[in-house]
Amino acid sequence: MRKITIDPITRLEGHGKIEIFLNDEGDCDRAYLQIPELRGFEKFAEGRPAEEMPRITTMICGVCPTAHHMASTKALDDLFKVEPPPAAKKIRELMYNAFYAEDHILHFVFLGGPDFVVGPQAPAGERNVLGVIGKVGLEVGGKVIEMRKRLRNVLRIIGGKPVMPTCGLPGGVSKRITEEERETIIDAAEYAVEFCKFALTLFDDVVLKNKEYVDLITGDIYSHRTYYMGMVDENNKVNFYDGQIRVVDPKGKEYVKFKPQDYLQHIREHVEPWTYGRFSYLKNIGWKGFVDGEDSGVFRVAPLARLNVADGMATPLAQQAYERMYQTLGGKPVHSTLAFHWARLVEALYAAERALELARDPEITSPDIVNLPTEIPKEGVGVVEAPRGTLIHHYQTDDRGIITKANLIVATQNNSAAINMSIEKAAKSLIKKGKVSDGILNMIEMAFRAYDPCHACATHSLPGRMPLEVNIYDCNGKLVRKLETKE
Amino acid sequence: MAKPKVAFYWCASCGGCEEAVVDLNEDILKVANAVDIVLWPVALDFKRKDVEALGDGEIAVSFINGAVRTEEQEEMVRLLRQKSGLVVAFGACAHLGGIPGLGNFWTRDTIFQRVYREVPTVENPDGTLPQEKVAIDVGELTLPEFYDTVKTLDQTIGVDYYLPGCPPPPDLIMKAVNAILSGELPEKGAVLAPEKSLCDTCPRAEKKPEKISIKEIKRPWQVILDPEKCFLEQGVICLGPATRSGCGETCIRANQPCRGCFGPVDGVVDQGAKALSMIASILGLEGEERITEEEVKKLIDGIVDPAGTFYRFSLPASLLRRRRIE
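Protein chains in written order, with this note's numbering: chain A, 56 to 542; chain B, 10 to 335.
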């Protein structure tokens, strides 16, 4: 038997390694995505003042610091039993949606997009953001940069630094928005709405009009029938900032809906000796291994999962895009992993529209932005939908608000089991008789890239990051090829 | 002339330094045109083998972010050192250890215990822990060794320059890149940022009183934070006096005190000790002669997490380095 290693896997946030074992015939027998690092935030949170957590847990992930900042800040509201003033909530949600639009588009252009726009089997040296700009034109490249610049400026206005925001406090935020700043934010959000509309058109032209890609999306190679999890508002519409957590079964039927504070009744994590990452599953269904279907507790999170659990989008243009996606792909739920890319763009449009709504709300400039806590802290849970899935921060403290225990369930670890399954399925479908090309390996990498996995997040548990490699081993366990995509 | 080869690599970090590079906006295209990027795992499909194939010193400069926590990271940075003319420690983690450096309050075992066995969501009846070598039915899987101690980059390999910050701001990154491209570099070992302290450039400096005396330490949620007054004057701990400037005072402008990510100013070895002595010098200064032992204790107790506050970003680089392993 042969074993294939892809190391480092590239165009993801964090490090990773894929190991593929071939059988006597040279077909894929098993495949593993290993996370070779850990940082240990749960441990070194102990002893820190709770209010510092939004400024410490941002460093779990510099790609989605705003998600950790929000989950942490909401956990502080719950911990200190303090309700933020309405303006503070709106400021937080505005910042969060500005971040979302920017982050989703970044993934499309830098990480996932190259596979489609440049092509899955294109040479490694072109399969990147510069290749995307080469294909779609410098003008579009300029728009991407402009949109990102403007949205990052919104994050700067509200949160201080775009990477590592600092404005969250229990009961509110540290800084108000001025009228002048509001104008800038409105401009940025308008620009983002237009850009996200354009990105969906581009997806139409480049992906949906290409039969080869559509076959890939709707085909079996990249499909899994799993449960899905995501946050919804009171109308069961997608919401990133607040709401209840809804889970649907592989048929798309509601399995359970619960309050964030009840997460312990529904989520468990499995440990494997061959990776530093952990694997989330539905507690009441149980861990049945790396398998899909109704009897397996494996669930998926992130853009496609959120759209699958929700009854729709809360803004008009995103709702249209949502309907179009499900009409094209044959109704709900969609199980194709590659459809995450499409769902991500639908969400980007929602985020931009929602940011614009909030920026236009006159209350956003209210000076009433914080309520000081008066209760003695004990325990708090904060949940948001990070771009890469449901994100849970849970703190326990002493009477002074010093952390005694922390638990973090991070977006990518919720998808970890499914990501492993997706890689194995792609490898089994694509590697036959020991024939492996760099293009095939990239198509295996596409199975994880669709999830936009963030191994920085998944390994918050200790410090370290990993790039991805694929090793191929023969049936005697001998390394016969170390595969790294080359120019 | 061939374009200079440049590598970006990440160790124990979060991806924020990569985002900071993307935050160069249109300047990133200028950089991409001026250099030949040979490694950047977050964005480009080049792998370790491509680096191994290069000659010694062939990479003009490697920007390495993240602290060093695993065997794999150590191997990779040693490889990059060998292949690179210059190595720049990029960002707070490579420079000082950064937030992951807080792991030095614990050991590998205590971290594993918490992460894989104790947290309330883990279901692990056999107490399984990740192993460096695991036999599976089809062969063997390996993981890099996870060290007890987080190290800074210069505790692992020689470092030529430091770009501070969590993350380094775009203007300092561009300045550093331009300096490298033009060859107009300061003395080796320099921190590529202003020599002033944050207090010197703070937008609240003008209104700061000559003399500050803290009567009672306030935590940021215990007061309505005044957006114009010096934080120390408000009784809120701010690491501005012990921290290098150059960040653009971004946290201060968002009405939050400094936590020290830029590290100490030139000539200071231990940022935490410097911050501690700074706070000690203004704590209960007014009426110092009359203060009782009990009042002193109460004042000091107001600093609820001295080690985690003063060494927030710099524990591995400090004289303390880590908590003693029993």
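Here a beta-carbon is modelled for each residue, glycine too, at the ideal position from N, C-alpha and C.
Simplified DSSP assignment, three categories, for residue i
i                      : result
residue 451 of chain A : strand
residue 156 of chain B : strand
residue 286 of chain A : strand
residue 16 of chain B  : strand
residue 367 of chain A : strand
residue 177 of chain A : coil
residue 132 of chain B : coil
residue 325 of chain A : strand
residue 78 of chain A  : coil
residue 349 of chain A : coil
residue 88 of chain B  : helix
residue 236 of chain A : helix
residue 113 of chain B : helix
residue 89 of chain A  : strand
residue 518 of chain A : Below a pLDDT of 50, predicted positions are generally treated as unreliable, and residue 518 of chain A, at 27, falls in that range; no measurement from the model is reported.
residue 301 of chain A : strand
residue 228 of chain B : coil
residue 332 of chain B : coil
residue 151 of chain A : helix
residue 31 of chain A  : No statement about residue 31 of chain A is possible, as the shown extent of chain A runs from 56 to 542 and does not include it.
residue 512 of chain A : The pLDDT assigned to residue 512 of chain A is 49, lower than 50, so where the model puts this residue is not dependable; a value taken from the coordinates is nonetheless given after this. Residue 512 of chain A falls in the helix class under three-state DSSP.
8 Å Cβ shell around residue i - same chain, five flanking residues per side excluded
i                      : result
residue 206 of chain B : 249, 250, 251, 252, 253, 254 and 274
residue 234 of chain B : 240, 243, 245, 264 and 265
Nonlocal neighbours in the same chain, by C-beta distance under 7 Å from residue i, ignoring five residues either side
i                      : result
residue 343 of chain A : 350, 351 and 352
residue 142 of chain A : 418, 419, 421, 423 and 424
residue 314 of chain A : 299
residue 33 of chain B  : 40, 179, 182 and 183
residue 79 of chain B  : 153, 154, 155 and 156
residue 222 of chain A : 213, 214, 215, 228, 229 and 230
residue 218 of chain A : 117 and 120
When the options are compared against residue i, the one with the closest alpha-carbon
i                      : options                      : result
residue 22 of chain B  : A:462, A:312 and A:94        : A:94
residue 159 of chain B : B:285, B:101 and B:283       : B:101
residue 345 of chain A : A:141, A:265, A:81 and A:85  : A:85
residue 204 of chain B : B:58, B:256 and B:293        : B:256
residue 358 of chain A : A:420, A:505, A:175 and A:73 : A:505
residue 158 of chain A : A:81, A:210 and A:481        : A:210
residue 272 of chain B : B:202, B:184 and B:244       : B:202
residue 128 of chain A : A:435, A:245 and A:360       : A:435
Proximal residues to residue i (C-beta, below 6 Å), its chain only, five neighbours per side dropped
i                      : result
residue 475 of chain A : 88 and 345
residue 533 of chain A : none
residue 471 of chain A : 332 and 334
residue 286 of chain A : 294, 298, 300 and 440
residue 518 of chain A : Caution is warranted here: a pLDDT of 27 is assigned to residue 518 of chain A, below 50, making its placement in the model unreliable, and the coordinate value is therefore given only provisionally. Excluding residues within five positions, the ones whose Cβ falls inside 6 Å are 94.
Delimiting residues of the alpha helix (DSSP H) encompassing residue i
i                      : result
residue 36 of chain B  : 36-43
residue 271 of chain B : No alpha helix (DSSP H) contains residue 271 of chain B, which DSSP labels as neither H nor E.
residue 208 of chain B : 207-210
residue 300 of chain B : It is not in any alpha helix (DSSP H) - residue 300 of chain B carries neither H nor E in the DSSP assignment.
residue 148 of chain B : No alpha helix (DSSP H) contains residue 148 of chain B, which is instead part of the beta strand (DSSP E) from 148-151.
residue 60 of chain B  : 57-61
residue 76 of chain B  : Here residue 76 of chain B belongs to no alpha helix (DSSP H), and DSSP marks it neither H nor E.
residue 262 of chain B : 259-262
Where the beta strand (DSSP E) containing residue i begins and where it ends
i                      : result
residue 569 of chain A : In the structure as shown, chain A starts at 56 and stops at 542, and residue 569 of chain A therefore has no counterpart that could be examined.
residue 313 of chain A : 309-313
residue 142 of chain B : 142-145
residue 243 of chain B : From DSSP, residue 243 of chain B is part of no beta strand (DSSP E); its letter is neither H nor E.
residue 464 of chain A : 458-464
residue 438 of chain A : 434-441
residue 269 of chain A : Not the beta strand (DSSP E): residue 269 of chain A falls in the alpha helix (DSSP H), residues 266-273.
residue 98 of chain B  : 93-99
residue 194 of chain B : Here residue 194 of chain B belongs to no beta strand (DSSP E), and DSSP marks it neither H nor E.
The stretch 461-494 of chain A: positions lying closer than 7 Å to chain B by Cβ: Residues of the stretch 461-494 of chain A that bring their beta carbon within less than 7 Å of a beta carbon in chain B comprise 462 and 464, in sequence order.
Residues from the stretch 243-254 of chain B in contact with chain A, defined by Cβ distance under 9 Å: Within the stretch 243-254 of chain B, no residue has a Cβ lying closer than 9 Å to any Cβ of chain A.
Contact set between the stretch 150-172 of chain B and chain A, restricted to residues whose Cβ is under 7 Å from the partner: Look at the stretch 150-172 of chain B: the residues with a C-beta under 7 Å from a C-beta of chain A are 150, 152, 153, 155 and 159.
Taking beta-carbon pairs under 9 Å, can you tell me which members of the stretch 26-43 of chain B lie near chain A? Result list: 26, 27, 28, 29, 31, 32, 34, 35, 37, 38 and 41.
Given a limit of 7 Å on CB to CB distance, which residues of the stretch 106-119 of chain A reach chain B? Here the close residues are 106, 110, 111, 114, 115, 116, 117 and 118.
If you measure beta-carbon to beta-carbon, which residues of the stretch 258-283 of chain B are closer than 7 Å to chain A? For the stretch 258-283 of chain B, which is checked against every Cβ of chain A, the residues closer than 7 Å are 259, 260, 262, 263, 264, 265 and 268.
Could you name the residues of the stretch 78-105 of chain A whose beta carbon sits closer than 7 Å to any beta carbon of chain B, in the order they occur along the chain? Residues passing the 7 Å Cβ filter: 84, 85, 87, 89, 91, 92, 93, 94, 95, 97, 98, 99, 102, 103 and 104.
Output needed in chain order: residues of the stretch 174-188 of chain B with a Cβ under 7 Å from some Cβ in chain E. Absent from the structure: chain E. Protein chains present are A and B.
Residues from the stretch 127-143 of chain B in contact with chain A, defined by Cβ distance under 8 Å: Within the stretch 127-143 of chain B, the qualifying residues are 128, 129, 130, 131, 132, 133, 137, 138, 139, 140 and 143.
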